[in-house]
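Quick note on numbering: the UniProt record's numbering labels position 213 of the sequence shown as 213, and the sequence is numbered without any gaps. Glycine included, C-beta positions come from ideal geometry on N, C-alpha and C. Below is one structure, written out as structure tokens; comments come after it.
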Amino acid sequence: MASESTAKTDTSITEHLHELVLNSSDVEDFLNELAQVSARNLSEPGDEMLCAITLLRQRKTATVASSSREAKSIGRLEHSFAETPSLTAFTVQETVHAPDLEGDGRWPEYSTAVVARGVRSVAALPFRLEGETKAALLLYSGRAHRFEGRVLKFAEDFVSQTSLALRLAVRFAHYSETAANLRATLESRTVIDMAVGIIMAQNRCSQQDAFAILKTASSTRNTKLHDVAAAVVNALGQGPARTHYDG
Numbered sequence: 001m002a003s004e005s006t007a008k009t010d011t012s013i014t015e016h017l018h019e020l021v022l023n024s025s026d027v028e029d030f031l032n033e034l035a036q037v038s039a040r041n042l043s044e045p046g047d048e049m050l051c052a053i054t055l056l057r058q059r060k061t062a063t064v065a066s067s068s069r070e071a072k073s074i075g076r077l078e079h080s081f082a083e084t085p086s087l088t089a090f091t092v093q094e095t096v097h098a099p100d101l102e103g104d105g106r107w108p109e110y111s112t113a114v115v116a117r118g119v120r121s122v123a124a125l126p127f128r129l130e131g132e133t134k135a136a137l138l139l140y141s142g143r144a145h146r147f148e149g150r151v152l153k154f155a156e157d158f159v160s161q162t163s164l165a166l167r168l169a170v171r172f173a174h175y176s177e178t179a180a181n182l183r184a185t186l187e188s189r190t191v192i193d194m195a196v197g198i199i200m201a202q203n204r205c206s207q208q209d210a211f212a213i214l215k216t217a218s219s220t221r222n223t224k225l226h227d228v229a230a231a232v233v234n235a236l237g238q239g240p241a242r243t244h245y246d247g
């Protein structure tokens, strides 16, 4: 009966997370929801643990999500020191566990700061993601030896189970950001092309000469090419340019 109940719970969590992926406005929104789901599923009555999730993506600032304001404050310390449990977990791609930070010498500066916040034990569990993207679930407790045996195994199973949903959320975020960047690029090109056309008409010059005039103005004014082009278009009374890209 216990295994059947666990299977139903696993299915329920998976379905819930897949709905979150589809309904979340961005990856940070999803991560905050995931942190709260983690806290609900991993805590015990009268013994709530703090959960944070830290995400590292190429050319992006670190994202820290949390189950509460206190968890977020502690989670941010993971990126304030050169050596922390999450960074170690990212490197070894294995669970990193500190049963009692007061007697653990692996991250002395970090441990001092976290213990001052009332944390005695911590576990960092890496998600299985793609490419250079890395993420870890961080569990904090004011009790020493809180994450051991059955509790730690359950947390590892939970991370394994939720990794797919997080991979999907990160992938969707990448596609959304790529589309937004493409849209911005196309709009920028539209403004520049319109400005070149206006200069060609006004000066009866070639496209190459018109673009050279635009670049010279940009350099002389120490202003971005797009901004100079927008000023040319707006001066003609045509207003901001827009593309018809719907990607």
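Rounded separation between residue i and residue j - CA only
i, j, result
"residue 215", "residue 29", "41 angstroms"
"residue 157", "residue 51", "16 angstroms"
"residue 203", "residue 236", "14 angstroms"
"residue 125", "residue 66", "15 angstroms"
"residue 99", "residue 169", "31 angstroms"
"residue 90", "residue 39", "21 angstroms"
"residue 163", "residue 193", "45 angstroms"
"residue 83", "residue 107", "6 angstroms"
"residue 207", "residue 213", "10 angstroms"
"residue 92", "residue 211", "52 angstroms"
"residue 2", "residue 31", "Per-residue confidence for residue 2 stands at a pLDDT of 35, beneath the threshold of 50, marking its modelled position as unreliable; the derived number appears in the next sentence. So the two alpha carbons sit approximately 29 angstroms from each other."
"residue 94", "residue 149", "16 angstroms"
"residue 123", "residue 61", "23 angstroms"
"residue 72", "residue 130", "25 angstroms"
"residue 57", "residue 68", "23 angstroms"
"residue 4", "residue 171", "Note that residue 4 scores a pLDDT of 35, beneath 50, so its modelled location is shaky and nothing firm can be said."
"residue 201", "residue 223", "23 angstroms"
Same chain, Cβ closer than 7 angstroms to residue i, neighbours up to 5 away in sequence not counted
i, result
"residue 74", "50, 52, 114, 117, 119 and 140"
"residue 239", "A caution first: residue 239 carries a pLDDT of 48, below 50, which makes its placement in the model too unreliable to give a value."
"residue 221", "228"
"residue 70", "50"
"residue 111", "101 and 104"
Per DSSP, cross-strand counterpart(s) of residue i
i, result
"residue 212", "None, per the DSSP bridge assignment."
"residue 134", "56"
"residue 98", "122"
"residue 47", "44"
"residue 110", "Answer is none; residue 110 lacks a bridge partner."
"residue 141", "121"
Pick from the options that is closest to residue i, judged by C-alpha positions
i, options, result
"residue 96", "224, 170, 142 and 138", "138"
"residue 59", "129, 133, 78 and 37", "133"
"residue 143", "222, 121, 98 and 163", "121"
"residue 128", "166, 82, 71 and 69", "166"
"residue 161", "26, 32 and 37", "37"
"residue 34", "136, 147 and 149", "136"
"residue 146", "47, 26, 32 and 31", "47"
Spatial neighbours of residue i in its chain, beta-carbon cut-off 6 angstroms, leaving aside the 5 residues before and after
i, result
"residue 63", "28 and 55"
"residue 218", "225 and 228"
"residue 232", "195 and 198"
"residue 81", "109 and 110"
"residue 230", "191"
Heavy atom of the ligand NAP within 8 angstroms of residue i beta-carbon
i, result
"residue 55", "With respect to the ligand NAP, the structure offers nothing, as it holds no ligand at all."
Residues near residue i in its chain [Cβ-Cβ closer than 8 angstroms; skip 5 each side]
i, result
"residue 45", "none"
"residue 42", "49, 51, 139, 151, 154, 155 and 158"
"residue 7", "With a pLDDT of 35 at residue 7, under the threshold of 50, the modelled position of that residue is not reliable, and the figure given next carries that caveat. Around residue 7: no qualifying Cβ."
"residue 87", "78"
"residue 76", "64"
"residue 205", "199 and 213"
Notebook entry, point to check: Curious, which full-length beta strand (DSSP E) runs of at least 3 residues does the segment 49-93 contain?
Noted result: Complete beta strand (DSSP E) runs here, min 3: 50-56 and 63-66.
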